[in-house]
Every structure is written in C-alpha cells, then in structure tokens.
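For the sequence shown, the numbering used here assigns the number 2 to the initial residue and increments by one for each residue that follows. Positions of the beta carbon are idealized from the N, C-alpha and C atoms, including for glycine. Being a predicted model, the structure only gives us computed values, none of them experimental. Data block below; observations after.
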Amino acid sequence: MLIAIDNVLTADEVRQARQALEATAWVDGRVTAGEQAATVKLNLQIPQDAPVAKEIGGLVLRALGRNPAFNSAVLPLRVLPPMFNRYDAGMTFGAHVDSAIRHVPEAGIRIRTDVSSTLFLSDPSEYDGGELVVEDTYGSQKVKLAAGSMVVYPATSLHAVTPISRGSRWASFFWTQSMIRDDGQRRLLYDLDRAIMETRRHLPDDNHGVVGLTGVYHNLLRQWAEM
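What follows is the structure in structure tokens.
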C-alpha cells in the first residue's frame with residue numbers, strides 16, 4: 002500500500018528544518034546502509050547522533066503524532082528516530098530492499114521495519130531527477146512530492162532513487178513497526194477507516210450503521226494487532 006500524505010509539515014516547519022540542516026555537517030550515506038545496499042548508494046546524510054538530527058527528528062515525530070492520515074495508514078507501534086539525507090547532482094540510490102530489523106541505540110531496542118517513509122524537504126522545482134521509484138503490486142510508482150509532504154509504502158518493496166541531474170533533493174526518512182504486521186490487513190483497515198469517516202459526514206455518530214462499522218474496525222484491529 003503506497004499512500005501520499007500532503008502537508009505533514011507546515012511551510013514554517015520545512016523552513017526550520019532546512020535552516021537547521023544547512024548549518025550542520027553531512028557524511029557519506031553508506032554509513033547506515035546494509036552490505037548489499039551500500040554498493041548502490043550514493044548520497045549524504047546527517048549523522049544519527051548529531052544534535053540537529055534529534056532536534057528536527059523531534060519536530061517530525063510531533064508532526065506525525067498530529068497527522069490522522071499517517072496514523073490511519075500506518076497504525077504505528079514504534080517509529081525509528083527520523084534520519085535526514087541529501088542527493089546532490091550525480092547522486093542516486095539503486096534498487097534495494099530495506100533491512101528488516103533496525104537498532105534504536107538510545108532506546109536499546111530493535112524494531113521490525115514494516116513501513117518505509119520519505120518526507121520531502123525540497124520542492125520538485127529545486128531539482129531534476131530524484132524520483133522515488135517503488136515497485137508494488139501495480140508496477141513501478143514514481144513519487145516526487147512537495148516539500149512537507151510524505152509517502153509511506155511497505156518496507157518489503159524494491160525501491161530506488163533516480164539520479165539527480167540538477168539541484169539538490171533533501172528529505173527525512175524513517176521506518177515504522179506497525180501494530181499490524183501484514184500489509185494487506187493494514188490496507189483493509191485503512192480502507193474501512195476511510196469509509197467510516199465518509200459515512201460519518203452524512204450520518205450521526207449514534208446511527209446504528211456507523212456504530213456497527215466502527216465496531217467491526219476495532220474488532221479487526223483487536224484480532225490482528227501485535228503489541
């Protein structure tokens with residue numbers, strides 16, 4: 002399930018993030034890549050333990066917490082602290098699949114990477130190339146969103162970032178362990194949640210049909226959730 006979510010960050014939050022990231026040092030992005038991915042990865046990243054990564058990562062996490070579309074689509078249990086990357090002219094990331102397990106050093110835990118997320122911090126007009134290409138059930142999907150918008154997709158997907166031919170592409174990226182491990186089940190719950198929201202626009206919350214649909218949603222969540 003690939004879903005684009007608009008306006009996760011406000012324009013002011015995007016400016017705040019960009020200004021903070023512009024004032025810090027970047028390193029070779031291969032430091033966080035697995036052995037196979039490192040052979041096709043050419044970009045820059047902010048070190049995970051850099052103060053600015055924690056500062057702007059906190060801003061991103063707060064934005065996710067207030068975003069109903071992210072919470073409905075992903076059903077997050079744990080979110081890996083957001084990281085930040087940059088692709089300048091000539092940089093790219095070849096086709097790869099994300100690591101299944103990521104370590105969270107400060108928390109001393111590991112999380113299963115069910116959902117990958119890319120939060121764009123550059124507008125499409127700032128660069129050429131740099132599309133996120135995700136292989137899913139319906140073929141290749143190319144994604145290039147406005148600054149502040151985000152795409153979420155299964156971490157099991159083969160994906161790549163096409164070469165940059167002009168400008169620079171900045172983004173935050175991170176992984177989420179969902180309460181619902183199976184992507185198909187997450188999709189059903191997301192579609193059901195959207196249907197309930199649409200029904201509530203036309204019927205009162207105490208309508209028998211609305212109550213029944215809501216009960217089905219929560220009973221499915223109760224049956225499938227892993228905590």
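Three-state class that DSSP yields for residue i in the structure shown
i	result
residue 145	coil
residue 50	coil
residue 181	coil
residue 219	helix
residue 107	coil
residue 98	coil
residue 39	helix
residue 274	This structure leaves residue 274 out entirely; the chain is present only between 2 and 228.
residue 61	helix
residue 131	coil
residue 80	strand
residue 86	strand
residue 190	helix
residue 66	helix
residue 56	helix
Residue of the options minimising C-alpha distance to residue i
i	options	result
residue 171	5, 106, 100, 119	119
residue 186	43, 63, 74	74
residue 1	191, 70, 61	There is simply no residue 1 to check, as the chain begins at 2 and stops at 228 in what is shown.
residue 8	50, 17, 65	65
residue 112	136, 57, 80, 95	80
residue 13	135, 90, 148, 201	148
residue 152	26, 70, 20, 41	70
residue 48	33, 178, 184, 206	33
residue 41	106, 210, 96	96
residue 221	76, 23, 3	76
residue 106	82, 10, 126	82
residue 18	154, 84, 206	84
residue 91	188, 189, 168, 63	168
residue 11	207, 204, 63	63
residue 93	15, 188, 128	128
Sequence-distant residues of its chain with Cβ nearer than 7 angstroms to residue i (five each side left out)
i	result
residue 156	99, 114, 115, 116, 117, 176
residue 86	30, 44, 45, 46, 172, 174
residue 227	180, 182
residue 101	113, 114
Environment of residue i [buried if 16+ CB atoms lie within 10 Å]
i	result
residue 139	exposed
residue 67	exposed
residue 110	exposed
residue 173	buried
residue 160	buried
residue 55	exposed
residue 198	exposed
residue 51	buried
residue 126	exposed
residue 103	buried
residue 150	buried
residue 212	exposed
Close-in-space but distant-in-sequence residues of the same chain around residue i (CB under 8 angstroms, 5 per side omitted)
i	result
residue 217	193
residue 202	none
Spatial neighbours of residue i in its chain, beta-carbon cut-off 6 angstroms, leaving aside the 5 residues before and after
i	result
residue 178	78, 79, 112, 113, 115
residue 130	163, 164, 165, 166
residue 145	125, 132
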